[in-house]
Structures are given as structure tokens and as C-alpha cells.
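A.B. asks: One structure, pasted below without further comment.
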Amino acid sequence: GKATRMVEFMQDEGKIYEGEIILGYSTTTEDASGEVVAETPVLSPLDEKLVDEAIASLTGPITQIPPMYSAVKVNGRKLYEYARAGQEVERPERQV
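Using my numbering, read the sequence shown as starting at 104 and increasing by one per residue.
See the structure below:
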């Protein structure tokens with residue numbers, strides 16, 4: 104459509120991501136849709152400098168072992184398919 108023609112003008116622009124997080128919880132799926140499996144107390148109020156440092160540590164390329172609930176394929180199947188079947192498979196470390 105008409106908006107597709109605008110892509111060439113927007114491709115070089117910076118991106119801003121917004122999100123909402125809930126601190127202190129771990130879930131079976133590593134996201135908000137999973138069952139809570141652990142709770143950790145969170146300092147209140149949060150130290151803005153520590154938050155900025157944590158965000159900075161996640162900026163740029165990092166090494167990751169993909170979570171079982173992800174669309175990364177191993178042996179031709181998505182990891183979440185294994186996870187939903189109650190299976191855990193070895194996942195290769197990768198740069199993200």
C-alpha cells in the first residue's frame with residue numbers, strides 16, 4: 104500500500120522500544136504467559152543507576168542459550184514444540 108513507499112525514508116532512523124516488566128518473578132516460559140515458579144524480593148525504590156547498568160549489559164551482541172519456549176529450531180522443530188510435549192533438548196549457544 105501507500106505506507107510501503109515510506110519505508111525507504113524510515114529505514115535509517117533509530118528505533119525506540121517500549122515495554123513493561125514485572126520484576127522479581129521467574130516463570131516456566133520465561134515470559135508473562137508462564138506459571139510463576141520463583142519469586143525474589145525487589146529493592147524498592149529501584150536504583151536508576153543499577154537499572155541503567157543492567158540495560159547496558161543487554162545492549163549489543165550477547166551470547167545466549169535460547170529458552171525452551173522459543174521459535175528457534177533444533178533438528179527441524181521449534182523449541183516450544185518440544186517444551187509443550189514435555190521434552191527438553193540440548194540447545195546450541197548463539198550470538199544474539
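All C-beta atoms, glycine included, are put in the ideal place defined by N, C-alpha and C.
Helix, strand or coil for residue 139 per DSSP?
C.D. replies: Residue 139 sits at position 36 when you count from the first residue of the sequence shown. Correct three-state label for residue 139: strand.
A.B. asks: Kindly indicate the opening and closing residues of the alpha helix (DSSP H) around residue 129.
C.D. replies: Position 26 of the sequence shown, counted from the first residue, corresponds to residue 129. Where residue 129 is concerned, there is no enclosing alpha helix (DSSP H), although the beta strand (DSSP E) it sits in stretches over 128 to 130.
A.B. asks: Looking only at its chain, what residues have a beta carbon closer than 8 Å to the beta carbon of residue 140, apart from the 5 residues adjacent to it on each side?
C.D. replies: In the sequence shown, counting from the first residue as 1, residue 140 sits at position 37. Answer for residue 140: 129, 130 and 131, listed in chain order.
A.B. asks: Would you kindly work out how many angstroms separate the C-alpha atoms of residue 205 and residue 123, rounded to a whole number?
C.D. replies: With the chain covering 104 to 199 only, the question about residue 205 has no answer from this structure.
A.B. asks: Just list the residues that DSSP pairs residue 198 with in beta bridges.
C.D. replies: Position 95 of the sequence shown, counting from 1, holds the residue named residue 198. DSSP, once it has assigned bridges, lists 166 as partnering residue 198.
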